[in-house]
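Colleague:
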DNA sequence: CAGATAGTTCGCTAACCGTCGTACAATTAG
DNA sequence: CTAATTGTACGACGGTTAGCGAACTATCTG
């Protein structure tokens, strides 16, 4: 099962915007941006969704070219494709990151 | 039939991004950006879609807070809500505008 | 008034999307 | 080998969406 990542030239604005238009996915992207390219496995995002649903969201992000997924043991390491996004759509990622609000409605902040 | 426009504080990133994630709507936004706040009626965008479908797209844009629609005679004047968007999501609109590619697949370019 | 013009509204269809559960695959730990 | 962990694949579901056509409203112009 080869993980397909679109090449930089193949990035499509509408596809990227659509990938970013879901609160859960926005939250994922935000977390990834904070963690740099660290061991962000698919779990541990504090999102209250099923495993299969998470897989779905990560795939949407990956196929839109927003993130990279690299298998590592039984996990997958996710990272933002900052360079590619900045190259193709300058300023877009930063603007979106700055616009992301509170969590999408998962854990109570107290 | 009151045209509802969300107030600036009620603008939602995901909603805006979703509104912008359609090639046709992206094209509309691009044209509006070029024309400033000029007499951009709903037709005249060179989009090969039915009137009802156009109505639909303009409503999505309006309800997301991306555009304003003001009735003027038998037409409607559309304009970008630049100020509001820039205030809530600084840099986002410009980044998206810069990223918009060729037309979404409508009229022959020459 | 009559006609033209510009959008809206209302079904309706086909596709898509987010979500889930269950079953499966792959890797690591005992 | 067995069990646990992590994620994927697949099928199903309900809701949303983009698109159309046809009928309608509202305005402006004769």
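Chains as they are written, first to last, in the working numbering: chain B, 10 to 119; chain A, 10 to 119.
The C-beta atom is built at its ideal place from N, Cα and C for all residues, glycine as well.
#1: So residue 28 of chain B and residue 70 of chain B are in contact, right, with Cβ under 8 Å, and what is the actual spacing, rounded?
#2: Spatial neighbours of residue 33 of chain B within its chain, please: CB distance less than 8 Å, with the 5 preceding and 5 following residues excluded, ordered by chain position.
#3: Starting from residue 20 of chain B, trace the beta strand (DSSP E) both ways and give me its first and last residue.
#4: Does any C-beta atom of chain A lie closer than 7 Å to the C-beta of residue 117 of chain B?
#5: Mind reading off the beta-carbon distance from residue 94 of chain B to residue 101 of chain B? Whole number of angstroms is fine, and I expect it under 8 Å.
#6: If you run the structure through DSSP and keep just helix, strand and coil, what is residue 86 of chain B?
#7: Who are the neighbours of residue 110 of chain A on chain B, taking C-beta pairs under 7 Å?
#8: Closest to residue 73 of chain A by C-alpha separation, out of A/99, A/21, A/12, would be which residue?
#9: For the beta strand (DSSP E) holding residue 77 of chain A, just list the boundary residues, first then last.
#10: Give the interface partners of residue 98 of chain B over in chain A, defined as CB-CB distance under 7 Å, in chain order.
#11: Of all the options B/36, B/78, B/42, B/61, which has the alpha carbon lying nearest to the alpha carbon of residue 15 of chain B?
#12: Would you tell me roughly how many angstroms separate the C-alpha atoms of residue 84 of chain A and residue 40 of chain A, rounded to the nearest one?
#13: Report the rounded CA-to-CA distance for residue 61 of chain A versus residue 68 of chain A, giving the unit in angstroms.
#14: Mapping the DSSP letters down to three states, classify residue 73 of chain B as helix, strand or coil.
#15: In this structure, does DSSP put residue 93 of chain B in helix, strand or coil?
#16: State the Cα-Cα distance for the pair residue 25 of chain B and residue 37 of chain A, rounded to the nearest angstrom.
#17: Which first and last residues belong to the alpha helix (DSSP H) in which residue 35 of chain A is found?
#18: Give the range of the alpha helix (DSSP H) segment to which residue 111 of chain B is assigned.
#19: What's the C-alpha gap between residue 98 of chain B and residue 19 of chain B?
Modeller: Taking the definition as stated:
#1: Between residue 70 of chain B and residue 28 of chain B the Cβ distance is about 5 Å, and since that is below 8 Å, they are a contact.
#2: 56, 58, 66, 113
#3: First-last for residue 20 of chain B: undefined, no H or E at that position.
#4: Because residue 117 of chain B carries a pLDDT of 41, less than 50, the predicted location of this residue cannot be relied on, and no value is offered for it.
#5: Right, the Cβ-Cβ distance comes to about 7 Å (below 8 Å), so this counts as a contact.
#6: The answer is strand: DSSP assigns residue 86 of chain B an E or B state.
#7: 22
#8: Looking at A/99, A/21, A/12, the one whose alpha-carbon comes closest to that of residue 73 of chain A is A/21.
#9: Taken as a continuous stretch (DSSP letters only), the beta strand (DSSP E) holding residue 77 of chain A covers 76-81.
#10: 104, 108
#11: B/78
#12: 17 Å
#13: Separation of residue 61 of chain A and residue 68 of chain A (C-alpha to C-alpha, rounded to the nearest whole angstrom) is 11 Å.
#14: coil
#15: helix
#16: 18 Å
#17: 32-43
#18: Careful: residue 111 of chain B lies outside any alpha helix (DSSP H) and carries neither H nor E.
#19: C-alpha separation (whole angstroms): 12 Å.
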